[in-house]
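So the structure is just underneath, and the comments pick up after that.
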Amino acid sequence: MSGGDLLQCYNLGCGQKYDPNSNASDACTYHPGQPIFHDAKKKWSCCKKFSTDFTEFLNIKGCTKGPHSNIRPVEPEKPKPADISEVGGPCKIPSCPVEAPRAPVTNPPPRPNESEPMTRLKVEVTPSLRKLLEKMPPEKKGGQTAEPTKDGDTSEIPIGTQCKNSGCKTTYTGTDKDSELCFYHPGVPIFHEGMKFWTCCNRKTSEFEAFMEQVGCTTGRHNWTEKAARESNLALSIAPKSDCRHDWFQLPGLVTISIYAKQVDPDSVIVDANQVKLSVAFDFGTDKQHYDKTFELVGIITPSESQVKLMGTKVEINLKKAEAMSWPRLECLPPKPSSDETNSEEKPAE
Numbered sequence: 026m027s028g029g030d031l032l033q034c035y036n037l038g039c040g041q042k043y044d045p046n047s048n049a050s051d052a053c054t055y056h057p058g059q060p061i062f063h064d065a066k067k068k069w070s071c072c073k074k075f076s077t078d079f080t081e082f083l084n085i086k087g088c089t090k091g092p093h094s095n096i097r098p099v100e101p102e103k104p105k106p107a108d109i110s111e112v113g114g115p116c117k118i119p120s121c122p123v124e125a126p127r128a129p130v131t132n133p134p135p136r137p138n139e140s141e142p143m144t145r146l147k148v149e150v151t152p153s154l155r156k157l158l159e160k161m162p163p164e165k166k167g168g169q170t171a172e173p174t175k176d177g178d179t180s181e182i183p184i185g186t187q188c189k190n191s192g193c194k195t196t197y198t199g200t201d202k203d204s205e206l207c208f209y210h211p212g213v214p215i216f217h218e219g220m221k222f223w224t225c226c227n228r229k230t231s232e233f234e235a236f237m238e239q240v241g242c243t244t245g246r247h248n249w250t251e252k253a254a255r256e257s258n259l260a261l262s263i264a265p266k267s268d269c270r271h272d273w274f275q276l277p278g279l280v281t282i283s284i285y286a287k288q289v290d291p292d293s294v295i296v297d298a299n300q301v302k303l304s305v306a307f308d309f310g311t312d313k314q315h316y317d318k319t320f321e322l323v324g325i326i327t328p329s330e331s332q333v334k335l336m337g338t339k340v341e342i343n344l345k346k347a348e349a350m351s352w353p354r355l356e357c358l359p360p361k362p363s364s365d366e367t368n369s370e371e372k373p374a375e
C-alpha cells in the first residue's frame, strides 16, 4: 500500500500510521486510560508510570497491546452551567447570615515576671548519643578516666598517656620516672594583638611554636587524668566558651529549639526554665567546650510539661506552650532606647 493510503492511529501513546489490511490484534502499543496532571506529576490512569517532565511523559511507552484505530478518542464531557429557564425562574440570592454579637475584647493576662523561680527540665539521652559516647576514648568522657586509688594505684592508666598539666609533655611509663617533678603552667593562655603568653609567667612571644615550647613555670606532680589536672590548672578548670548555631520551629502547642553541638556530656547539661525564660548550659566535644545561653522567650510556656533530648549532633528542647497560639519569633526584641537617652547621647558636651 502506498504512503497516501496509510491511516493515522489515534490510540493514546501510539501516534503511528498503519496499513488497515495488515492491522494485527497486537500491532499497537498504547495507553487505554486518560492522562492525569497533578502536583507537577504527569501520568496515565492505566499504569503507574509517571514523570515530572512533559516530554518524558509523552515518551512513556504504552502499557497495553491491541489493533491500531483511526477513531479519535471521545473527550470527557464538561459539566454544563445550569440554565435559568430549566430551573424554573431566576435564581434567588441567599441573604447574608446575621452575625452573632461578638464578646467584648478583654485585656490579655499580664506577662509573668522573668525573675520567678526556675524549674529544672527533664533530660533524656537518646541511643544515638550513647553510641557516640561509647566510641570516645575514656580520657575524653567528661573526666571519667581511672583515678589513682588512695594507695596510689595507677594500674588502670594506659602506658603512653600524656600528662594533662598544661605545658607538660611527659608520658606515663609505669616506672619510678612517673614520680619526678612536673613543670607546667597553672595559668590561662592569652592571645592578644599578635602576642601569646601564659597568665602565670607572662613570657610573651609572637611565634606559636615558641609559645608551645615554653617550659612550665611551676613545679608539682604529674596528673595523668583531666579530672586530677583540673584541681591544679586554671586553664583546664574553665572550659572554653563557644557559640553554637541554633534554630527553632513551632506547632500549635509546642516550640522546639535545636542547638547543634556534637558529643554533649550528659552530666554537664543544665536546662532551667520559668514561664518566660530559658537557661541552657552544657559541655560538648572532645575538647570540652562550654555552651551557655539564656533565652528571653516571647511567649509563655509550661516548664513542668517541657523536656530536653540529647542527640548525637544536637540538643533538642521541647517547650510546651501555655496557650495554643503562634509566636511571631522565639526571643523578645531588645528594648529601644528612649528619646531622652537618644537626645542626651546626641547632645554635644558644653
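Under this note's numbering, think of the first position of the sequence shown as 26, with each following residue one higher. Glycine included, each C-beta is placed from N, C-alpha and C at the ideal position. All values reported here derive from a predicted model rather than from experimental measurement.
Thr186 burial status per 10 Å Cβ neighbour count (16 or more: buried): Working through the sequence shown from its first residue, we reach residue 186 at position 161. Thr186 is buried by the Cβ-count criterion.
Reduced DSSP secondary structure (H/G/I, E/B, other) of Leu14: Residue coverage of the chain in this structure runs from 26 to 375, which leaves residue 14 outside it and unanswerable.
Length of the line joining the Cα atoms of Arg318 and Asp292: Along the sequence shown, one-based indexing puts residue 318 at 293. Along the sequence shown, one-based indexing puts residue 292 at 267. Contrary to the premise, residue 318 reads as Lys rather than Arg in this sequence. Approximately 18 Å between the Cα atoms of the pair.
Candidates Cys226, His210 and Phe236: closest to Arg255 by CA position: In the sequence shown, residue 255 corresponds to position 230, counting from 1. That would be His210, whose Cα lies nearest to the Cα of Arg255.
Span of the alpha helix (DSSP H) around Thr311: As a first step, residue 311 must be located in the sequence shown, where it is residue number 286. For Thr311, no alpha helix (DSSP H) segment is defined, and its DSSP state is neither H nor E.
Integer Cβ distance of Ala306 from Thr144, believed to fall under 8 Å: Your numbering for residue 306 matches position 281 in the sequence shown. Your numbering for residue 144 matches position 119 in the sequence shown. No, Ala306 and Thr144 are not in contact; Cβ-Cβ is about 15 Å, not under 8 Å.
Residue burial classification, Pro152 (beta-carbon count within 10 angstroms, cutoff 16): Position 127 of the sequence shown, counted from the first residue, corresponds to residue 152. Exposed, since its Cβ has fewer than 16 Cβ neighbours within 10 Å.
Limits of the unbroken alpha helix (DSSP H) element including Thr80: If you number the sequence shown from 1, residue 80 lands on position 55. Note, Thr80: alpha helix (DSSP H), Phe79 to Leu83.
Three-way DSSP call (helix, strand, coil) for Leu335 in this model: To locate residue 335, count along the sequence shown from 1; it is residue 310. Three-state DSSP puts Leu335 in a strand.
Simplified DSSP assignment, three categories, for Met237: Looking up residue 237 in the sequence shown gives position 212. It is helical.
According to DSSP, residues forming a beta bridge with Asn343: Residue 343 sits at position 318 when you count from the first residue of the sequence shown. Note: Asn343 sits in a beta bridge opposite Thr281 and Gln332.
Sub-8 Å separation of Glu321 and Lys302 beta-carbons: In the sequence shown, counting from the first residue as 1, residue 321 sits at position 296. In the sequence shown, counting from the first residue as 1, residue 302 sits at position 277. Cβ atoms of Glu321 and Lys302: closer than 8 Å.
Helix, strand or coil at Ala254 according to DSSP, with G and I counted as helix: Numbered from its first residue, the sequence shown carries residue 254 at position 229. If DSSP states are grouped into helix, strand and coil, Ala254 belongs with the helices.
Cys34 beta carbon less than 8 Å from that of Thr54: Counted from its first residue, the sequence shown places residue 54 at position 29. Counted from its first residue, the sequence shown places residue 34 at position 9. Not closer than 8 Å, so no.
Inter-residue Cα distance where the pair is Met350 and Pro277: Within the sequence shown, residue 350 is the residue found at index 325, counting from 1. Within the sequence shown, residue 277 is the residue found at index 252, counting from 1. Computed Cα separation, rounded: 6 Å.
Where Gly177 falls: helix, strand or coil (DSSP): Here residue 177 is taken as the residue at index 152 of the sequence shown, counted from 1. Residue confidence is low: Gly177 scores 45 on pLDDT, short of 50, so the model does not pin down where it sits. No coordinate-derived value is stated.
The beta strand (DSSP E) enclosing Gly245, as first and last residue numbers: The residue given as residue 245 occupies position 220 in the sequence shown. That run of the beta strand (DSSP E) goes Thr243 to Gly245.
Distance between beta carbons of Pro92 and Ser50, contact taken as under 8 Å: Here residue 50 corresponds to residue number 25 of the sequence shown, with the count starting at 1. Here residue 92 corresponds to residue number 67 of the sequence shown, with the count starting at 1. With a contact defined as Cβ atoms closer than 8 Å, Ser50 and Pro92 qualify at about 6 Å.
Burial state of Asp64 (16 or more Cβ within 10 Å): Position 39 of the sequence shown, counted from the first residue, corresponds to residue 64. With fewer than 16 other Cβ atoms within 10 Å, it is exposed.
Local conformation of Asp268 per DSSP, three classes: Taking the sequence shown and counting its residues from 1, one reaches residue 268 at position 243. Three-state result, Asp268: coil.
For Lys68, the residue or residues it bridges with in DSSP: In the sequence shown, counting from the first residue as 1, residue 68 sits at position 43. DSSP output for Lys68 lists Ile61 and Phe75 as bridge partner(s).
Length-filtered (4 minimum) alpha helix (DSSP H) runs lying within the region 182-227: none
Cut-off 7 Å between Cβ atoms - residues of its own chain near Val323, not counting five sequence neighbours on either side: In the sequence shown, the residue the question calls residue 323 occupies position 298. Excluding sequence neighbours, Val323 sits near Trp352, Pro353, Arg354, Leu355, Glu356 and Cys357.
Under the three-state DSSP convention, the category Asp317 falls into: By 1-based counting over the sequence shown, the position of residue 317 is 292. In this structure, Asp317 counts as strand in the three-state DSSP scheme.
Supposed close pair Pro183, Gln300 - CB separation, criterion 8 Å: The residue labelled residue 183 in the question sits at position 158 within the sequence shown. The residue labelled residue 300 in the question sits at position 275 within the sequence shown. Contact flag wrong, Cβ pair sits at about 49 Å.
Secondary structure of Asp297, DSSP reduced to three states: By one-based count along the sequence shown, residue 297 stands at place 272. In the structure shown, Asp297 sits in a strand (DSSP, three-state: E or B).
Among Glu141, Lys160, Glu251 and Asn95, the one whose alpha carbon lies nearest that of Gly337: Within the sequence shown, residue 337 is the residue found at index 312, counting from 1. Looking at the Cα atoms, Lys160 is the closest of the given residues.
Per-residue burial, Thr170 [other beta carbons within 10 Å of its own, 16 or more giving buried]: For the purposes of this step, residue 170 is identified with residue 145 of the sequence shown, where counting begins at 1. Legend: pLDDT at Thr170 = 40, less than 50; position of this residue unreliable, no value from coordinates given.
Straight-line Cα distance separating Ile96 from Pro60: Translated into the one-based positions of the sequence shown, residue 60 becomes position 35. Translated into the one-based positions of the sequence shown, residue 96 becomes position 71. Pro60 and Ile96: Cα-Cα distance of roughly 18 Å.
Residue environment, Ala374, which counts as buried when at least 16 other CB atoms sit within 10 Å: Translated into the one-based positions of the sequence shown, residue 374 becomes position 349. Here Ala374 scores only 48 on pLDDT, less than 50, and its place in the model should not be relied on; the value that follows carries that caveat. Burial call: exposed.
Straight-line gap, Lys339 to Asp290 (C-alpha atoms, nearest Å): Counting from one through the sequence shown, the residue named residue 339 turns up at place 314. Counting from one through the sequence shown, the residue named residue 290 turns up at place 265. Distance between the alpha carbons of Lys339 and Asp290 is about 11 Å.
Asn190 burial status per 10 Å Cβ neighbour count (16 or more: buried): Start at 1 with the first residue of the sequence shown, and residue 190 comes out as number 165. Under this definition Asn190 is a buried residue.
Cβ-based neighbour list, Thr198, same chain, cut-off 6 Å, excluding 5 preceding and 5 following: Position 173 of the sequence shown, counted from the start, is the residue given in the question as residue 198. If we look at Thr198 and ignore the five residues flanking it on each side, it has no Cβ neighbours.
For Ile326: DSSP bridge partner residues: In the sequence shown, counting from the first residue as 1, residue 326 sits at position 301. Beta-bridge pairing links Ile326 to Lys346.
Separation of Glu139 from Pro376, as counted between CA atoms: This structure gives no information on residue 376, because the portion of the chain shown stretches from 26 to 375.
Nonlocal neighbours in the same chain, by C-beta distance under 8 Å from Gly241, ignoring five residues either side: Locating residue 241 in the sequence shown gives position 216, where the first residue counts as 1. Taken in chain order, the residues that qualify are Asn190, Ser191, Gly192, Cys193, Cys207, Phe208, Tyr209 and His210.
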